[in-house]
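So the structure is just underneath, and the comments pick up after that.
Numbering (this note's numbering), first residue to last: 15 to 382.
Okay, structure coming up:
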């Protein structure tokens, strides 16, 4: 509530609203005086669907011969997007993340092929615990991050999770002098990745110190607003290092339920809902954050721009392959191809030029 109220006080109603479609993107911007721009990359959650934004980022790095951490001042990521954000912040190439999804995805989210094993997996999810263990995920994360801690990040970070012990949202941040924030400095990136991606009924709750955490997608599946608030609090505006901000927001791919009024049972038990509760919650939050952020940038005193990459238009057959835990060969192939198509189109339209034609103005200031 404190951050929200502080943010509201910074709203200046004298700015004008300007929205337009640009190169297939929703582009919203406010106007102010020129100066240094604080660049934010935001990556949605979505399980194995993280392969889609990871592939887009791989194409960007290869096309422009850059590392994402050299171009963005802050990277925000939730759940699978948090994993990507953490890795990019220590200059892991996006290609390594693509390989992780493609090569380890079926170990992290094993999909049984026979009916008996599928039934046991569903029962385990409903009655006995999470649908999956996190052993394979933890091993993959340990290989990716080693002993890296949040203080090792080369960009500012915002990684949402939900603190079940306190019953409130939690954003993991690397230490920085601007906000005198140091409490997360020695938390390992493996722990943060497990905390932000502990999707209820899919993966186990994760403990850090004396607190229990679950998936940040419960409240911030699209973490763009977290990044905007952090930027306005500590980095952008009068008396701060930057005079403007620019946000690039990458989605995963949301899943329409396909339910109709005629065919759908209305009074559902927990067993009826099965794994269907989480997706509407996360997708709805992501849509609202996109809408809210695209509007609010028009009213911030500091000059701002928000770019949200549009999701691809898919056929019913393609949508049937898209799920946060569908790691079939066909699903992985489709996600890779969709990332290829989106990345190639956005590069051809020079959408990313404003984010990467200049390197960021400063590194993380933490003195740790």
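Note that beta-carbon positions come from the ideal geometry of N, C-alpha and C, so glycine has one too.
Bear in mind the structure is a predicted one, so any value in this text is a computation, not a measurement.
Hey, could you find the ends of the alpha helix (DSSP H) residue i is sitting in?
i: residue 159; result: 149 to 159
i: residue 112; result: 108 to 122
i: residue 70; result: 65 to 78
i: residue 333; result: 330 to 333
Kindly indicate which residue of the options has the alpha-carbon position closest to the one of residue i.
i: residue 90; options: 237, 305, 108 and 312; result: 237
i: residue 225; options: 119, 179 and 162; result: 179
i: residue 53; options: 150, 113, 348 and 262; result: 262
i: residue 104; options: 158, 152 and 68; result: 158
i: residue 187; options: 324, 240 and 144; result: 240
i: residue 205; options: 258, 215, 297 and 97; result: 97
i: residue 349; options: 267, 298, 378 and 367; result: 267
i: residue 148; options: 330, 339 and 361; result: 339
i: residue 162; options: 326, 177 and 106; result: 106
i: residue 227; options: 189, 184 and 257; result: 184
i: residue 114; options: 63, 83, 127 and 75; result: 63
i: residue 101; options: 116, 118 and 82; result: 82
i: residue 317; options: 116, 260, 366 and 309; result: 260
i: residue 172; options: 118, 325, 58 and 216; result: 58
i: residue 60; options: 229, 347 and 223; result: 229
i: residue 123; options: 320, 337 and 79; result: 337
i: residue 207; options: 190, 196 and 174; result: 174
i: residue 328; options: 345, 309, 88 and 214; result: 345
i: residue 164; options: 99, 367, 256 and 249; result: 99
i: residue 220; options: 370, 71, 50 and 93; result: 93
i: residue 256; options: 315, 310 and 222; result: 315
i: residue 127; options: 306, 79 and 342; result: 342
i: residue 311; options: 215, 154, 242 and 108; result: 242
i: residue 66; options: 368, 362 and 324; result: 324
i: residue 234; options: 160, 211 and 111; result: 211
i: residue 335; options: 191, 351, 321 and 320; result: 351
i: residue 176; options: 201, 356, 214 and 251; result: 214
So what does DSSP say about residue i, is it helix, strand or coil?
i: residue 367; result: helix
i: residue 252; result: coil
i: residue 358; result: helix
i: residue 168; result: coil
i: residue 238; result: helix
i: residue 246; result: helix
i: residue 310; result: helix
i: residue 353; result: helix
i: residue 342; result: coil
i: residue 210; result: helix
i: residue 257; result: coil
i: residue 323; result: strand
i: residue 37; result: Bear in mind that a pLDDT of 36 at residue 37, under 50, signals an unreliable position, so the model cannot answer this.
i: residue 191; result: coil
i: residue 378; result: coil
i: residue 95; result: helix
i: residue 318; result: strand
i: residue 20; result: A caution first: residue 20 carries a pLDDT of 38, below 50, which makes its placement in the model too unreliable to give a value.
i: residue 100; result: helix
i: residue 180; result: coil
i: residue 144; result: coil
i: residue 44; result: The predicted position of residue 44 is uncertain, since its pLDDT is 49 and thus under 50; a value taken from the coordinates is nonetheless stated next. Coil at residue 44, not helix or strand.
i: residue 28; result: Note that residue 28 scores a pLDDT of 28, beneath 50, so its modelled location is shaky; the value from the coordinates is reported in the next line. In the structure shown, residue 28 sits in coil (DSSP, three-state: anything other than H, G, I, E or B).
i: residue 347; result: helix
Which partner residues of residue i appear in the DSSP bridge assignment?
i: residue 202; result: 163
i: residue 56; result: 90 and 263
i: residue 185; result: 174
i: residue 221; result: 226
i: residue 303; result: Looking at the DSSP assignment, residue 303 forms no beta bridge with any residue, so it has no partner.
i: residue 51; result: 258
List the endpoints of the continuous beta strand (DSSP E) containing residue i.
i: residue 62; result: Segment: none, residue 62 is in no beta strand (DSSP E) and carries neither H nor E.
i: residue 82; result: That residue, residue 82, is in no beta strand (DSSP E); its alpha helix (DSSP H) goes 82 to 85.
Answer yes or no: does any C-beta atom of chain C fall closer than 7 Å to that of residue i?
i: residue 355; result: In the structure shown, chain C cannot be found, because there is only a single protein chain.
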